[in-house]
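Comments concern the structure below.
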Amino acid sequence: MFHIVLSVDDNYIKYSAVLINNIIKTINKENYNTKAPIYFHIFTDASLSNLSKDNLDILEKNLSKIYPCKIKIHLIDEDIFKKRTSNMVRGKYSAFYRLLIGSVLDKKIEKCLILDVDMLVLSDIRECFYIDLKDNIVAACGHNTKRPSCTSKQGNKNLDFDGFYLNMGFVLVDLKKYREEKIEDKCFDFIENYDIPITPEEYTLNVVLNGRILQLRHEWNLSFSYLDTQRISFKDETKNRPVINYTKADFEQAIKNPKIIHFTYGGSFPKPWQELGKTTNPLHYHPDNNK
0 MFHIVLSVDD
10 NYIKYSAVLI
20 NNIIKTINKE
30 NYNTKAPIYF
40 HIFTDASLSN
50 LSKDNLDILE
60 KNLSKIYPCK
70 IKIHLIDEDI
80 FKKRTSNMVR
90 GKYSAFYRLL
100 IGSVLDKKIE
110 KCLILDVDML
120 VLSDIRECFY
130 IDLKDNIVAA
140 CGHNTKRPSC
150 TSKQGNKNLD
160 FDGFYLNMGF
170 VLVDLKKYRE
180 EKIEDKCFDF
190 IENYDIPITP
200 EEYTLNVVLN
210 GRILQLRHEW
220 NLSFSYLDTQ
230 RISFKDETKN
240 RPVINYTKAD
250 FEQAIKNPKI
260 IHFTYGGSFP
270 KPWQELGKTT
280 NPLHYHPDNN
290 K
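For the sequence shown, numbering that gives the first Met the number 0 begins at 0 and goes up steadily by one.
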């Protein structure tokens with residue numbers, strides 16, 4: 000079985016449905032000698048409406064005619080967080096839901112794939128589950144390397160993270176190691192001890208897993224905002240910290256054969272469902288065009 004984790008509230012459930020539909024309809028039935036079902040695990044809160052639940056049931060039934068699949072809803076009890084951290088993002092704990100994969104998912108599940116919903120899958124998603132993680136806990140693609148420091152709540156030395164920085168949009172996880180090495184507990188210890196300035200879930204996972212991340216080719220999580228290669232710096236082009244942790248040749252190769260396109264950024268950088276006409280032009284995503 001293949002297990003995919005999505006984390007959304009009721010406002011974004013329709014976008015997760017689009018992604019689920021996309022994944023199933025992109026499967027090449029001639030690939031791999033298996034019809035093992037794909038389980039979509041939706042981490043959400045009590046805001047999920049009965050209408051959304053009913054629509055997901057209908058979606059599951061329709062897509063199962065194409066390829067075996069199940070959509071499983073996990074209502075996250077926020078009391079779990081109240082016992083572990085006082086930190087919230089915009090008054091909610093939902094920013095940390097995906098850190099709970101080890102405890103929420105059945106202990107028999109030994110590997111899962113975390114995906115953001117603002118993605119377009121262009122190839123058979125089952126391929127990534129055969130990636131050998133070796134001694135690493137996760138596999139992921141690199142992201143913008145320029146990250147602000149974290150402030151220690153205890154007045155100790157602030158943390159300046161300088162390692163390989165993964166993007167949470169695509170993370171393949173060895174759940175057995177994730178549980179054995181108590182990654183969930185380590186993440187919440189970090190959250191409780193530092194003020195994290197941006198994307199706290201992503202930042203935390205990068206710090207805790209530093210040195211245990213298998214870097215994948217960028218084709219698995221091709222950031223749409225980076226497609227204008229003339230406007231970003233690569234690790235073989237600068238002595239300073241580059242924008243992304245890939246060579247220009249590696250990135251251009253990924254552009255030729257992307258497996259997943261990720262519509263990164265937000266706000267003045269719209270998602271496909273916000274301003275579709277603009278998102279077809281990668282130059283729109285550059286900060287110079289959004290002042």
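From the three backbone atoms N, C-alpha and C, an ideal C-beta is built for every residue, glycine too.
Answer with buried or exposed for residue i, where buried requires no fewer than 16 other C-beta atoms within 10 angstroms of its C-beta.
i: V210; result: First, the amino acid is wrong: residue 210 is Gly here, not Val. Per the 10 Å Cβ criterion, exposed.
i: A139; result: buried
i: S93; result: buried
i: D131; result: exposed
i: G266; result: With a pLDDT of 49 at G266, under the threshold of 50, the predicted position of this residue should be treated as unreliable, though the coordinate-derived value follows. By the neighbour-count rule (16 or more Cβ atoms within 10 Å), G266 is not buried but exposed.
i: E183; result: buried
i: I291; result: Because residue 291 is not part of the residues shown, which for the chain are 0 to 290, the question remains open.
i: Y96; result: buried
i: M0; result: exposed
i: E191; result: exposed
Cβ atoms of residue j and residue i: under 9 angstroms apart, would you say?
i: K69; j: E59; result: yes
i: L213; j: V137; result: yes
i: V4; j: L104; result: yes
i: T33; j: R178; result: no
i: L47; j: L18; result: no
i: L204; j: C186; result: yes
i: G154; j: H217; result: no
i: D115; j: G168; result: yes
What residue range does the alpha helix (DSSP H) around residue i cover?
i: E188; result: This sequence places Asp at residue 188; Glu is not what is there. Start and end: 182 to 192.
i: F250; result: 247 to 255
i: D56; result: 49 to 62
i: L18; result: 12 to 24
i: L174; result: 174 to 179
Just curious, the beta strand (DSSP E) that residue i is in, first and last residue?
i: I197; result: Looking at the DSSP string, I197 is not in any beta strand (DSSP E), and its letter there is neither H nor E.
i: A35; result: Looking at the DSSP string, A35 is not in any beta strand (DSSP E), and its letter there is neither H nor E.
i: L99; result: Element bounds for L99: n/a, residue is neither H nor E.
i: K71; result: 68 to 74
i: L5; result: 1 to 6
i: L213; result: 212 to 214
i: I260; result: 259 to 261
Please confirm if the stretch 10 to 24 is in contact with the stretch 54 to 70, defined as three or more CB-CB distances below 8 angstroms between the two stretches. yes
At 4 residues or longer, and completely inside the stretch 99 to 172: list those alpha helix (DSSP H) runs for me, N to C. 100 to 103
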